[in-house]
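Engineer:
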Amino acid sequence: MKKVFVIEDLDCAHCAAKMEEAIKKIDGVNSATVTFFTQKLTLDASDDKFDKVVKEAQKAIKKVDPACKLIEKV
1 MKKVFVIEDL DCAHCAAKME EAIKKIDGVN SATVTFFTQK LTLDASDDKF
51 DKVVKEAQKA IKKVDPACKL IEKV
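Just so we're aligned, residue 1 is where the sequence shown starts under this note's numbering, counting upward by one.
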């Protein structure tokens, strides 16, 4: 499953790179791209683990920058 999320309050390209690196290490992630310019996360993960992966991604984002929030793009 592939979805796009908005990363609210992302204000550093270095932080975006660190977030992407951390999210790619989560079990079940096929690919992840964090784009600082658009403040978006494109996440591709196994369907059966997707909800768990999203929760783990949120934790990874908060660990890098506690002010950031992951919001599902509608």
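For each residue, glycine too, the CB sits at the ideal point set by N, CA and C.
In whole angstroms, what is the alpha-carbon distance linking M1 and E56?
Structural biologist: About 16 Å.
Engineer: Would you list the one or two residues that DSSP bridges to L43?
Structural biologist: In DSSP, L43 forms a bridge with K3 and A32.
Engineer: In whole angstroms, give me the CA-to-CA distance for V6 and F50.
Structural biologist: When rounded, the distance between both Cα atoms is 17 Å.
Engineer: Along the chain, where does the beta strand (DSSP E) containing K69 start, and where does it finish?
Structural biologist: K69 to E72 is the span of the beta strand (DSSP E), which, as asked, contains K69.
Engineer: Measuring straight from C-alpha to C-alpha, what distance separates S46 and Q58?
Structural biologist: Using only the alpha carbons, I get a separation of about 17 Å.
Engineer: Report yes if the CB atom of K52 is closer than 8 Å to the CB atom of G28, and no otherwise.
Structural biologist: Going by C-beta atoms, K52 is nearer than 8 Å to G28.
Engineer: Just to confirm the assignment, what range does the alpha helix (DSSP H) spanning I23 have?
Structural biologist: Run containing I23: A13 to K24, per the alpha helix (DSSP H) assignment.
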